[in-house]
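There are 2 protein chains.
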Amino acid sequence: MRYELYYWTGIQGRGEYVRLALEDAGADYIDVARERGDNVLMPFLRGKREGAWPFAPPFLKAGRMVIAQTAAILAYLGPRLGLVPGGLSAEIYAQQLQQTISDFIVEIHDTHHPIAASQYYEEQRTPARKRAQVFRDERLPKFLDYFEQVLERGNGRQALSRHSYIDLSLFQLVAGLDYAFPNAMRRTQKRIPRLRALAKRIAERPNIAAYLASPRRIPFNEEGIFRHYPELDAR
Amino acid sequence: MRYELYYWTGIQGRGEYVRLALEDAGADYIDVARERGDNVLMPFLRGKREGAWPFAPPFLKAGRMVIAQTAAILAYLGPRLGLVPGGLSAEIYAQQLQQTISDFIVEIHDTHHPIAASQYYEEQRTPARKRAQVFRDERLPKFLDYFEQVLERGNGRQALSRHSYIDLSLFQLVAGLDYAFPNAMRRTQKRIPRLRALAKRIAERPNIAAYLASPRRIPFNEEGIFRHYPELDAR
Chain A
56 MRYELYYWTG IQGRGEYVRL ALEDAGADYI DVARERGDNV LMPFLRGKRE GAWPFAPPFL
116 KAGRMVIAQT AAILAYLGPR LGLVPGGLSA EIYAQQLQQT ISDFIVEIHD THHPIAASQY
176 YEEQRTPARK RAQVFRDERL PKFLDYFEQV LERGNGRQAL SRHSYIDLSL FQLVAGLDYA
236 FPNAMRRTQK RIPRLRALAK RIAERPNIAA YLASPRRIPF NEEGIFRHYP ELDAR
Chain B
56 MRYELYYWTG IQGRGEYVRL ALEDAGADYI DVARERGDNV LMPFLRGKRE GAWPFAPPFL
116 KAGRMVIAQT AAILAYLGPR LGLVPGGLSA EIYAQQLQQT ISDFIVEIHD THHPIAASQY
176 YEEQRTPARK RAQVFRDERL PKFLDYFEQV LERGNGRQAL SRHSYIDLSL FQLVAGLDYA
236 FPNAMRRTQK RIPRLRALAK RIAERPNIAA YLASPRRIPF NEEGIFRHYP ELDAR
């Protein structure tokens with residue numbers, strides 16, 4: 056099956072979690088907007104196409120099915136791409152973890168947009184500073200500690216002991232946070248040895264290494280979810 | 056199977072979406088913390104119990120499995136309680152919609168907590184007013200229009216033409232928004248006839264009507280996600 060991924064062209068964004076899964080598995084896919092422009096997304100977002108109606112990108116076209124929401128797309132692709140261990144409990148555990156990653160992504164995004172996604176960062180700088188401080192002090196350690204502990208416990212357990220799309224998503228989280236909050240992330244270094252080792256291992260997987268070195272990997276920038284604004288990072 | 060639902064006792068919160076599904080289906084379940092106190096959640100949240108490690112409540116114990124994240128719990132329960140039409144595409148469509156509902160819930164919550172979930176509303180009143188205005192003007196109509204259109208298109212389609220846990224969750228959204236933002240919701244009245252009819256129909260289902268009239272339904276209050284602060288509502 057040739058999968059069709061639909062996502063905005065200028066940013067990694069939420070589409071990147073799907074892209075990493077497709078790339079890692081060597082799946083046959085088209086990154087449709089990058090070939091034909093962002094306008095190809097619009098008929099889907101206006102409900103003019105067959106299949107489920109997406110609220111927002113990314114969405115995946117798989118045959119006649121349209122699947123939106125990153126965690127739902129990965130729940131679908133995981134078993135088909137060999138990116139989740141077999142069995143109901145592993146699949147559901149992966150879904151729960153990916154949905155927790157989605158929650159984390161919202162909080163990362165809202166550090167620079169605490170008031171309105173529709174307004175510029177510059178219009179919400181003061182609340183952004185406050186939210187970013189709470190994020191660095193409370194939320195970042197809480198989420199990272201959680202995933203570190205899941206990896207620690209996962210080693211001896213079946214559910215997520217094998218490679219999965221969760222590993223790819225955690226790699227992306229670490230890479231993005233290193234870009235956006237280099238100082239804050241440096242301080243967490245010793246708390247997250249397993250996440251660090253995982254991120255390194257994923258970056259070295261042949262298909263991922265080739266992808267990261269290719270023009271298909273859009274560089275991080277200040278239009279996406281992970282933005283580097285020095286005033287939002289730790290000193 | 057007797058399901059065990061774990062959620063904080065004082066609020067409807069995210070646990071309510073699971074509770075509505077269990078109640079509507081007449082499932083055998085225990086609302087564990089309401090019988091034994093909030094402390095029963097702690098060993099799970101500290102990773103001291105078997106099974107998947109929840110980041111936060113609600114979580115469901117189903118036999119030896121532990122499932123967290125509202126949308127993952129409902130993806131699991133849906134087919135088992137007859138609360139999703141059969142077939143892969145309907146199940147995935149429901150997952151995508153429930154995950155979109157989860158995103159909406161975060162935005163509803165953040166109207167009163169735009170800076171820090173760990174701080175009181177009173178400490179973030181000024182940014183809350185700004186965020187709530189953007190929510191009322193942009194996000195509330197966008198989400199409601201989307202679900203209205205999904206219902207409109209769903210009528211003629213298989214995927215969600217039958218009763219499902221999505222209907223129950225949409226009922227809860229409408230009920231909560233009516234409580235939190237009565238003026239803003241009154242203005243949307245004409246835009247969402249299908250959502251209004253759905254909410255009315257769900258409230259009249261025998262099991263739901265009995266549940267809503269019972270002490271098991273915790274009243275809305277200013278500790279939960281849907282809070283009525285008049286200064287955050289429209290005039």
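Note that the protein sequences, when read in sequence, are chains A and B.
Here my numbering is used: the first residue of the first sequence is 56, the next is one more, and so on.
Here my numbering is used: the first residue of the second sequence is 56, the next is one more, and so on.
Every residue, glycine too, gets a C-beta built ideally from N, C-alpha and C.
Closer than 7 Å, Cβ to any Cβ of chain B: which residues of the stretch 166–195 of chain A, in chain order?
Those would be P169, I170, A171, S173, P182, K185, R186, V189, E193, in chain order.
Other residues of its chain near A/R260: CB distance less than 8 Å, five sequence neighbours each side excluded:
In the first sequence, the residue the question calls residue 260 of chain A occupies position 205. Only D79 meet the Cβ criterion.
State buried or exposed for A/G92, treating a residue as buried only when at least 16 other CB atoms are found within 10 Å of its CB.
Taking the first residue of the first sequence as position 1, residue 92 of chain A is located at position 37. Exposed: under 16 other Cβ atoms inside 10 Å.
Ordered along the chain, which non-local residues of its own chain (more than five positions away) have a Cβ less than 6 Å from that of A/E59?
Along the first sequence, read from residue 1 onward, the residue named residue 59 of chain A stands at position 4. Only I85, V87, K116 meet the Cβ criterion.
In its own chain, which residues sit with a C-beta less than 7 Å from the C-beta of A/S154, not counting the 5 before and 5 after it?
Here residue 154 of chain A refers to the residue found at position 99 when the first sequence is read from its first residue. Checking the sequence shown, residue 154 of chain A turns out to be Gln, not Ser. Excluding positions up to five away in sequence, the list reads A126.
Do the stretch 138–157 of chain A and the stretch 161–179 of chain B touch if we need at least three Cβ pairs shorter than 8 Å?
In short, these stretches do not touch, since the Cβ pair count stays below three.
Using a 10 Å radius around the Cβ and a threshold of 16 neighbouring Cβ atoms, would you call A/L143 buried or exposed?
Within the first sequence, the letter at position 88 stands for residue 143 of chain A. Counting Cβ neighbours within 10 Å, A/L143 comes out exposed, since fewer than 16 surround it.
Against chain A, which members of the stretch 85–117 of chain B pass a CB distance test of less than 7 Å?
Within the stretch 85–117 of chain B, the qualifying residues are G102, A107, W108, F110.
Mind listing the chain A neighbours of B/T243? Cutoff is C-beta to C-beta under 9 Å, in chain order.
Within the second sequence, the letter at position 188 stands for residue 243 of chain B. Neighbours of B/T243 on chain A: none; closest Cβ ~17 Å, over 9 Å.
Closer than 7 Å, CB to CB, is A/N210 near chain B or not?
Taking the first sequence and counting its residues from 1, one reaches residue 210 of chain A at position 155. Caution applies to A/N210, whose pLDDT of 46 falls short of 50 and renders its modelled position unreliable; the value that the coordinates give is listed next. The beta carbon of A/N210 does not come within 7 Å of any beta carbon belonging to chain B, so the residue lies off that interface.
Boundaries of the alpha helix (DSSP H) in which A/E193 is found, first to last residue:
Against the first sequence, residue 193 of chain A aligns to sequence position 138. For A/E193, there is no enclosing alpha helix (DSSP H), since its DSSP letter is neither H nor E.
Is the Cβ-Cβ distance between A/F202 and A/L250 less than 7 Å?
As a working note, residue 202 of chain A is residue 147 in the first sequence. As a working note, residue 250 of chain A is residue 195 in the first sequence. In contact: A/F202 and A/L250 (Cβ atoms closer than 7 Å).
Please list, in chain order, the chain A residues whose beta carbon lies closer than 7 Å to that of B/A127.
Taking the second sequence and counting its residues from 1, the one referred to as residue 127 of chain B is at position 72. Going along chain A in sequence order, the residues near B/A127 (Cβ under 7 Å) are I147, Q150, Q151, Q154.
For a test of the three-state rule: what should DSSP assign to A/R282, helix, strand or coil?
Translated into positions along the first sequence, residue 282 of chain A becomes position 227. DSSP places A/R282 in coil when its eight states are reduced to three.
B/S269: buried (16+ other C-beta within 10 angstroms of its C-beta) or exposed?
Residue mapping note: residue 269 of chain B aligns to position 214 of the second sequence, counting from 1. Residue burial annotation: B/S269 is exposed, with fewer than 16 other C-beta atoms found within 10 angstroms of its C-beta.
Spatial distance of B/L228 from A/G106 (CA atoms)
By 1-based counting over the second sequence, the position of residue 228 of chain B is 173. By 1-based counting over the first sequence, the position of residue 106 of chain A is 51. The C-alpha of A/G106 is placed about 24 Å away from the C-alpha of B/L228.
Continuous alpha helix (DSSP H) assignments of at least 4 residues falling wholly in the stretch 105–163 of chain A:
Along the length of the stretch 105–163 of chain A, whole alpha helix (DSSP H) runs at least 4 residues long occupy 125–135, reported in chain order.
For A/I85, the first and last residue of its enclosing alpha helix (DSSP H)
Reading the first sequence from its first residue, position 30 is the one you call residue 85 of chain A. Note, A/I85: premise wrong, no alpha helix (DSSP H); beta strand (DSSP E) at 84–86.
Starting from B/E259, follow the beta strand (DSSP E) in both directions and report where the run begins and ends.
Translated into the one-based positions of the second sequence, residue 259 of chain B becomes position 204. Run containing B/E259: none in the beta strand (DSSP E); it sits in the alpha helix (DSSP H), 248–259.
Evaluate A/Y62 with the Cβ neighbour count: other Cβ atoms within 10 Å of its Cβ, from every protein chain shown; 16 or more gives buried, anything less gives exposed.
As a working mapping, residue 62 of chain A is identified with position 7 in the first sequence. Counting Cβ neighbours within 10 Å, A/Y62 comes out buried, since at least 16 surround it.
Looking only at its own chain, which residues have a Cβ that is under 7 Å from the Cβ of A/I170, when we skip the five neighbours before and after it?
Numbered from 1 along the first sequence, position 115 holds the residue referred to as residue 170 of chain A. These residues qualify, in order along the chain: Q179, P182.
Cut-off 8 Å between Cβ atoms - residues of its own chain near A/G133, not counting five sequence neighbours on either side
Position 78 of the first sequence, counting from 1, holds the residue named residue 133 of chain A. Only A76, V139, E146, A149, S219, Y220 meet the Cβ criterion.
In three-state DSSP terms, what is B/E207?
The residue labelled residue 207 of chain B in the question sits at position 152 within the second sequence. Helix at B/E207.
For B/W108, collect the residues of the same chain with a Cβ closer than 6 Å to its Cβ; drop the 5 residues on either side in sequence, then sort them by chain order.
Against the second sequence, residue 108 of chain B aligns to sequence position 53. Cβ neighbours of B/W108 beyond the five flanking positions: G102.
Skipping 5 residues on each side, what residues in its chain have a beta carbon closer than 7 Å to that of A/L287?
Translated into the one-based positions of the first sequence, residue 287 of chain A becomes position 232. Residues of the same chain with a CB within less than 7 Å of the CB of A/L287, apart from the 5 flanking positions on each side, are T166, H167, A183, R184, A187 in chain order.
How would you list, in chain order, the residues of chain A whose beta-carbon sits under 8 Å from the beta-carbon of B/M56?
Here residue 56 of chain B refers to the residue found at position 1 of the second sequence. Simply none; closest approach about 14 Å.
If you measure between the beta carbons of A/V73 and A/I128, is that distance less than 7 Å?
As a first step, residue 73 of chain A must be located in the first sequence, where it is residue number 18. As a first step, residue 128 of chain A must be located in the first sequence, where it is residue number 73. In this structure, A/I128 lies closer than 7 Å to A/V73 by Cβ.
Could you tell me which residues DSSP pairs with A/L60 in its beta bridges?
Along the first sequence, one-based indexing puts residue 60 of chain A at 5. In the DSSP output, where bridge partners are listed per residue, A/L60 has A/D86, A/L115.
With 7 Å as the threshold, decide whether the Cβ of A/E71 is near any Cβ in chain B.
Here the question's residue 71 of chain A lines up with position 16 in the first sequence. Not one chain B Cβ lies under 7 Å of A/E71.
Nearest-angstrom Cα distance between B/Y234 and B/F226?
Working through the second sequence from its first residue, we reach residue 234 of chain B at position 179. Working through the second sequence from its first residue, we reach residue 226 of chain B at position 171. Our two residues, B/Y234 and B/F226, have alpha carbons roughly 12 Å apart in a direct line.
As assigned by DSSP and simplified to three states, the class of B/G231:
Looking up residue 231 of chain B in the second sequence gives position 176. The answer is helix: DSSP assigns B/G231 an H, G or I state.
Are any of the Cβ atoms in chain B nearer than 7 Å to that of A/V205?
Reading the first sequence from its first residue, position 150 is the one you call residue 205 of chain A. By this cut-off, A/V205 is an interface position.
Just checking my contact of A/I66 with A/I263 at CB under 8 Å: how many whole Å lie between their CB atoms?
The residue you call residue 66 of chain A lines up with position 11 of the first sequence. The residue you call residue 263 of chain A lines up with position 208 of the first sequence. In fact, because the Cβ distance is near 19 Å, the residues do not count as touching under 8 Å.
Leaving out five residues on either side along the sequence, give the residues of the same chain with a beta carbon under 7 Å from the beta carbon of B/R57.
Within the second sequence, the letter at position 2 stands for residue 57 of chain B. The residues are D83, Y84, I85.
Per-residue burial, A/S216 [other beta carbons within 10 Å of its own, 16 or more giving buried]
Along the first sequence, read from residue 1 onward, the residue named residue 216 of chain A stands at position 161. A residue is called buried once 16 or more other Cβ atoms fall within 10 Å of its Cβ, and A/S216, having fewer, is exposed.
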